[in-house]
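**Q** There's a structure below that I have some questions on.
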């Protein structure tokens, strides 16, 4: 038996791939890695069980994947797919069909929350429960090993029964946990999937050689009977699954049943559950039984069809009280699905006299673990405590504090402690420093070490990784367990014997050492040595070290890595220290193993990288030093907070808890009931992640505002103001005379927000003003933050208090003017150098006080709407963008709905105004009727009129006045913007987008085109250009990019612009204004360089020039209004390509990688990519000369 | 009348002294074949740059590591996992082997190292890949005011000795002219184990874009006039050092080759002319050399070699300082 160190996704995919001929894929967290692996294996030519390479095809949505799989099954190909959450929901229509047609297949699901009041990428069973009525059988795994094993059992049983299967395991907890498992061989797979079953399946395929018809339409006379005809197949499933499990046992020695019971044979209290929570529950049961408690756990494997008899038979006859735990919520139901199933099964079996008891045991239903909420052994013990009561609550929750409906159980976290024989280590790292990668290696090193390497007994290892919700400067927490016995702990480490802090600053951000067990080892990456470090620690860290008597070690891993030529990559140095200090492996063996691992991990990057990492190992061990900790706390530094008493209540009481990592402690009452949150909260999260920040040199500045327009994080701002306001400025506050003619005798300040800047350097890269004496010195320069914090912090505070401009006086339609407007999107958690956010920030400046945004799921919905803090904010009047995210696939429709609502509101307001006109001032009424226009002066005037209207209406004794008062704001111009990425616009949401474009309605659609599914990790979309490598296109995308702009232009009456702010600021601003002013659908396709392109992220803006100069990204605007004026509606804003595509592409790793891995394909695809550009340019040149008649009446906005 | 164009370069028997020097044309099999069929006597492959390998390796490591493990939805990073990013010398070594197998003429590898370890390691691997000889492309800009001329020279000699010790194939050393006593340096290089000196390395000179205020490296191809510098030194060194002499820079015609052979070059290497006119231009140079020799009744390259070197020229002093002063005076008048 061979052991594998894999995560749950790979465990499942490794089986599914080998047993499939067609694999239809689509990215969705946390299931995407299964599709990525399948794609990579296929590109590498890895065969399936029968010797051919499966067809792995990415579809436009999960609905498409299910449809393609359905067709493949009808065609006689063995099919599989992978999904989660909304993806599974999109498959449901096909799942009914596939099941109804008895087409055997398996959908592997990394179970994830379905979006309700909020999206969550984390794990629970709400998705699979939503699919439980489709007719798919459902098999649950509760660990990585089971994800491997049940995958095979599912594939086996689907063929023997013809019933399709969903095989599911918990998203993240299982899908992303790395664990040591016993691998299944091809022989194991052959033993479980007999060739005869496959032949039977193929014989049923659709073929004109033996034609049949499927998918008929049926009438009331036969539909019902036909539906019942399928019953015997379902009746056979439980036995078939058990048979497969039995054969599996014969083959592998691992024993499973439809439901498995563990615990006391005479248990009186039993928990019934499925999924990863069973691991924690089993630990609680094991401990409690050892302590004499009569408790047990029934783990459900086969959930559909539910084998009531087999399940009930597994319960001890002594059981008195049962707690059924559901990892889902079904509002309004008598109980959650598993609970109601168990109750019904017990009732049926008891009524039939097939049980040991005469009266039903008490059954309680409990919810736990929604969205990967921790479920610990202590929580399981809390459930058992509840079950011990004479009248346990029939329904409860566990793991939260419910102070609203009082359903939650009290949990004594001290009730359970992990076994001492398990080594537990927790590491805090930065997302970009390789900590997670090194820890994955460490887990594999230990898990793969032979018995002889570790003193006679093989070790088991487990790794689980927690990420925060930021894309720039994110922190990671790695939880590693090592033991001589298999590890089933499916919860975060609560007491660690080893704690490593890979960045000194973390000590000030969070209570790093709270997780340290007494006597634990603490490893700190510190720029200060053992003599000096103590005085640098915050007081709470010193307290932990003293109170818990921690063994404290430091290493300057950053220096060791830098000296070895590894830059800031501290992971290898700290990994070496971990192995030395933890003693998991004998030191010599550990070092050898690390070096072997280095060769394995870094060999693909070349010998030099291997050698340098190997050197780091030795140097790190030499640099490791123990700190003799004093016995008294000397530190005075405590964790700073930016949330002052002036902050809103919600921020002070709720947001603050989340920011401090205590969100789990918030009670139910603290959270809104419907997912509605206040905006503008990023300003309270000063992450201060930049090492260098831009510093302005007013002597060189030419006031061009480019730094402001490109800043991805709104961390550079400008204000033009009367110099009188400089009174009281901090001494070092900088300003200069404003060169614009719009505000004579004014000064301007460009100011960095020092604690909000990510240090990406994009602003400096685009700055055109260079010193005459020292060309490298610009009007804005990156300089060490610590050298400037004392100056820039008060300067930014002062800057914020400077007056905002009079919007009516500012030239909002040009770059310098638009950048004076207050940004109403700030400090998002997007990647440093993000290419998307400048567009949204621009939108927020020019229309932020009157815009409603429908935002497709994706990067922009994450940095735009992921708690704990969100960037969309308000101006001094409290106005700002109203923002909502519905789904990934429906965003265009969602935004159209907002438009329809606004239009309806306008109709209603106008009607009421007309009806009440004789009771109002005629001048006011006339002004209101004509003042719904977009220009700033009119908006300002109209706001005054609306206030006057409100005052007037308040004096009227007329019910209609109250109605009008409730919607009076719609007299001020409002706009609807529909925002999303290319995955949405080109693929999953294209149907809706197309429909909205055809609607004629006044909506503005902004496509942030990163040319991949950025948010899910860079999978190819139809926006991905030819020759680029992406996930799901690891052999290079073979086909060209879809020309969305031309498709939209084909309608004729749609405004279309293709823009790139880094290449042409002016055209970008112009396009936004034209789109907004066009009274119909507008589409802006915005080039958005992304981390997934593999470019230097400080050049995301300047690099856009190359994109445009090569013709890769032509700039154009198509304005139907010009056609009406008899002009050419299509206008090319960029010049004929002047550099070859290759010159642009060679700066991007997405192209370079293919050149390295497959030069022949790269050469062929790159040549085709150049052809794509040439052909496209030729078409556009012709388009620019085309006269066009746009028939039809102009669509009028309701007035 | 036929002339014998054959020559021997570092023990390699060549059909003529016209060799295709390192350029993009020698980096592809198809153009290598064209060079051979046009009459190139040998080819020098483009240099394997250790610094480039290191840069690529670091960049890819940084790219993959810094984008992975930071965010839950992209926990595995933003790029498909690849088994090898080919940052090492694999492609280059494959080119060496493929060229060796595809061509009948000698294939000379070229190496530009960055570290002592790198020089020796990659030299050995180029040898193992099948190169007939190795040319060290020593490209060192001595711009540190604290480093003395002696230290620079010792560094050259150290690495030549180490590489010489690491490989058994013939070794050529390509250097620039910027030494205080070039003749002495040439002697030391020869003594350190170089079988040939390749004169001279054309350092890419930077340029400045005054509009953009950036330093813009700007590769300029050589002209015929550029052969004067190697000509001077080949003439000066011929017969005085043990190592053979190869001329590179400024070989644009048969006449150019004639001059350099007369000065004492064992081979003449051409790049710029081939980049301008294509690989088949080798034939023009070769034929030009042969035609001139026929017309002037030279029977062999061997006969002609060094005939105008400093030790054989009728006016040896013309190669010295006097030449410089006289030329300037003449030009001024």
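Chains as they are written, first to last, in the working numbering: chain A, 5 to 1203; chain B, 600 to 932.
Beta carbons: idealized from backbone N, C-alpha and C, even for Gly.
Note that this is a predicted model, so its numbers are computed, not measured.
(1) Is the CB of residue 612/A under 8 Å away from at least one CB in chain B?
(2) Please state the DSSP three-state secondary structure of residue 112/A.
(3) What's the call for residue 803/B, buried or exposed, on a 16-neighbour Cβ count within 10 Å?
(4) With a CB to CB cut of under 6 Å and the five nearest residues on each side skipped, what residues in its chain are close to residue 926/B?
(5) Please name the residue in 362/A, 960/A, 810/A and 520/A whose C-alpha comes closest to that of residue 920/A.
(6) Cβ of residue 674/B less than 8 Å from any chain A Cβ?
(7) Compute the Euclidean distance between the alpha carbons of residue 559/A and residue 378/A, then round it to the nearest angstrom.
(8) What does residue 801/A touch in chain B if you count any residue whose Cβ is under 8 Å from its own?
(9) Name the residue from 208/A, 812/A, 140/A and 502/A whose alpha carbon lies nearest to the alpha carbon of residue 104/A.
(10) Can you check which of these residues, 603/B, 741/B and 638/B, is closest to residue 880/B by C-alpha distance?
(11) Just to confirm, are residue 144/A and residue 304/A a CB contact at a threshold of 8 Å?
(12) Would the region 864 to 873 of chain A and the region 794 to 804 of chain A be scored as touching if the rule is three or more Cβ pairs under 8 Å?
(13) Is the beta carbon of residue 861/A within less than 7 Å of some heavy atom of the ligand ATP?
(14) Using only the alpha-carbon positions, how far apart do residue 1048/A and residue 839/A sit?
(15) Please state whether the Cβ-Cβ distance between residue 327/A and residue 399/A is less than 8 Å.
(16) Does the structure place the region 676 to 696 of chain A close enough to the region 724 to 732 of chain A that three or more beta carbon pairs sit under 8 Å?
(17) Establish whether the CB of residue 235/A and some CB of chain B are separated by less than 8 Å.
(18) So, at 6 Å on beta carbons, what are the nonlocal neighbours of residue 864/B in its own chain, with the 5 sequence-adjacent residues on each side left out?
(19) Is the separation between the beta-carbon of residue 1121/A and that of residue 1034/A shorter than 8 Å?
(20) Any idea what DSSP makes of residue 126/A, helix, strand or coil?
(21) I'd like to know if residue 810/B contacts chain A, where contact means its C-beta is closer than 8 Å to some C-beta of that chain.
(22) Hey, would you say residue 800/B sits closer than 8 Å to residue 762/B, going by beta carbons?
(23) Identify each residue in the region 680 to 691 of chain B for which the Cβ-Cβ distance to at least one residue of chain A is less than 8 Å, and report them in chain order.
(24) Check the Cβ of residue 666/B against every Cβ in chain A and list those closer than 7 Å, keeping chain order.
(25) Measuring only the C-alpha atoms, how far is residue 230/A from residue 350/A?
(26) Provide the residue span of the alpha helix (DSSP H) that contains residue 576/A, from first to last.
(27) Whole angstroms is fine: what's the gap from residue 556/A's alpha carbon to residue 172/A's?
(28) Please work out which residues of its chain come closer than 8 Å, Cβ to Cβ, to residue 1074/A, disregarding the five sequence neighbours upstream and downstream, and give them in chain order.
(29) Just grab the DSSP bridge partners of residue 505/A for me.
(30) Going by C-alpha distance, which of 1106/A, 716/A, 1018/A and 1123/A is nearest residue 1190/A?
(31) Going by DSSP in three states, residue 1188/A sits in which element: helix, strand or coil?
(32) Which residue marks the beginning of the beta strand (DSSP E) containing residue 91/A, and which one marks its end?
(33) I think residue 281/A touches residue 373/A, with their Cβ atoms under 8 Å apart; what is that distance to the nearest whole Å?
(34) In terms of alpha-carbon separation, which member of 908/A, 624/A, 953/A and 911/A lies closest to residue 929/A?
(35) Output yes or no for whether 8 Å exceeds the beta carbon distance between residue 862/A and residue 984/A.
(36) Label residue 214/A either buried or exposed according to how many other C-beta atoms from any shown protein chain fall within 10 Å of its C-beta, with 16 as the threshold for buried.
**A** In short, the structure shows the following:
(1) One-based indexing of the first chain puts residue 612/A at position 608. Taking Cβ atoms only, chain B reaches closer than 8 Å to residue 612/A, which makes this a yes.
(2) Sequence index remark: in the first chain, residue 112/A carries index 108 (1-based). In the structure shown, residue 112/A sits in a strand (DSSP, three-state: E or B).
(3) To locate residue 803/B, count along the second chain from 1; it is residue 204. With fewer than 16 other Cβ atoms within 10 Å, it is exposed.
(4) Residue mapping note: residue 926/B aligns to position 327 of the second chain, counting from 1. Legend: pLDDT at residue 926/B = 49, less than 50; position of this residue unreliable, value from coordinates given subsequently. Contacts found: none.
(5) Position 916 of the first chain, counted from the first residue, corresponds to residue 920/A. When each option's Cα is compared against that of residue 920/A, the closest is 960/A.
(6) Here residue 674/B is taken as the residue at index 75 of the second chain, counted from 1. Yes, contact with chain A.
(7) Taking the first residue of the first chain as 1, we reach residue 559/A at position 555. Taking the first residue of the first chain as 1, we reach residue 378/A at position 374. Rounded to the nearest whole angstrom, the CA to CA distance from residue 559/A to residue 378/A is 33 Å.
(8) Against the first chain, residue 801/A aligns to sequence position 797. Simply none; closest approach about 31 Å.
(9) By 1-based counting over the first chain, the position of residue 104/A is 100. Comparing Cα-Cα distances from residue 104/A to each of 208/A, 812/A, 140/A and 502/A, the minimum goes to 140/A.
(10) Your numbering for residue 880/B matches position 281 in the second chain. Considering only alpha carbons, the answer is 638/B.
(11) The residue labelled residue 144/A in the question sits at position 140 within the first chain. The residue labelled residue 304/A in the question sits at position 300 within the first chain. The answer is yes: Cβ separation under 8 Å.
(12) Per the Cβ contact rule, the region 864 to 873 of chain A is not in contact with the region 794 to 804 of chain A (fewer than 3 Cβ pairs under 8 Å).
(13) Of the ligands one can find in the structure shown there are none, so the ligand ATP has no counterpart to examine.
(14) In the first chain, the residue the question calls residue 1048/A occupies position 1044. In the first chain, the residue the question calls residue 839/A occupies position 835. As the crow flies, the alpha-carbon of residue 1048/A is around 19 Å from that of residue 839/A.
(15) For this step, residue 327/A is matched to residue 323 along the first chain. For this step, residue 399/A is matched to residue 395 along the first chain. No, these two residues do not count as a Cβ contact at 8 Å.
(16) Contact fails: fewer than three Cβ-Cβ distances are below 8 Å.
(17) One-based indexing of the first chain puts residue 235/A at position 231. False, the Cβ-Cβ gap to chain B never drops below 8 Å.
(18) Here residue 864/B refers to the residue found at position 265 when the second chain is read from its first residue. Cβ-Cβ distances below 6 Å link residue 864/B to 833, 844 and 846 in the same chain, with the five nearest sequence neighbours on each side left out; the list follows chain order.
(19) Working through the first chain from its first residue, we reach residue 1121/A at position 1117. Working through the first chain from its first residue, we reach residue 1034/A at position 1030. Contact flag unset, no.
(20) Numbered from 1 along the first chain, position 122 holds the residue referred to as residue 126/A. The answer is coil: DSSP assigns residue 126/A none of H, G, I, E or B.
(21) Position 211 of the second chain, counted from the start, is the residue given in the question as residue 810/B. For residue 810/B, the answer is no, since every Cβ of chain A falls outside 8 Å of its Cβ.
(22) The sequence position of residue 800/B within the second chain is 201, counting from 1. The sequence position of residue 762/B within the second chain is 163, counting from 1. No, they are not a contact pair.
(23) Residues of the region 680 to 691 of chain B with a Cβ closer than 8 Å to any Cβ of chain A, in chain order: 680, 681, 682, 683, 684, 685, 686, 687 and 690.
(24) As a first step, residue 666/B is located in the second chain; it is residue number 67 there, counting from the start. Simply 1095.
(25) On the first chain, position 226 is the one that residue 230/A refers to. On the first chain, position 346 is the one that residue 350/A refers to. The straight-line gap from Cα to Cα measures roughly 30 Å.
(26) For this step, residue 576/A is matched to residue 572 along the first chain. From DSSP, the alpha helix (DSSP H) with residue 576/A extends over 575 to 586.
(27) The sequence position of residue 556/A within the first chain is 552, counting from 1. The sequence position of residue 172/A within the first chain is 168, counting from 1. Straight-line measurement puts the Cα of residue 172/A at about 43 Å from the Cα of residue 556/A.
(28) Locating residue 1074/A in the first chain gives position 1070, counting from the first residue. The beta carbon of residue 1074/A sits closer than 8 Å to those of 817 and 1121, all from its chain and outside the five residues before and after it, given in chain order.
(29) Residue 505/A sits at position 501 when you count from the first residue of the first chain. For residue 505/A, which the question treats as bridged, DSSP gives the partners 432/A and 528/A.
(30) Against the first chain, residue 1190/A aligns to sequence position 1186. Relative to the Cα of residue 1190/A, the nearest Cα in the group 1106/A, 716/A, 1018/A and 1123/A belongs to 1123/A.
(31) One-based indexing of the first chain puts residue 1188/A at position 1184. Of the three classes helix, strand and coil, the one that applies to residue 1188/A here is coil, per DSSP.
(32) On the first chain, position 87 is the one that residue 91/A refers to. Secondary structure note for residue 91/A: it is in no beta strand (DSSP E), and the uninterrupted alpha helix (DSSP H) holding it is 89 to 104.
(33) For the purposes of this step, residue 281/A is identified with residue 277 of the first chain, where counting begins at 1. For the purposes of this step, residue 373/A is identified with residue 369 of the first chain, where counting begins at 1. Confirmed, about 6 Å.
(34) Start at 1 with the first residue of the first chain, and residue 929/A comes out as number 925. Here the closest residue by C-alpha is 953/A.
(35) One-based indexing of the first chain puts residue 862/A at position 858. One-based indexing of the first chain puts residue 984/A at position 980. Yes, they are a contact pair.
(36) Taking the first chain and counting its residues from 1, one reaches residue 214/A at position 210. With a 10 Å radius around the Cβ and a threshold of 16 neighbouring Cβ atoms, residue 214/A comes out exposed.
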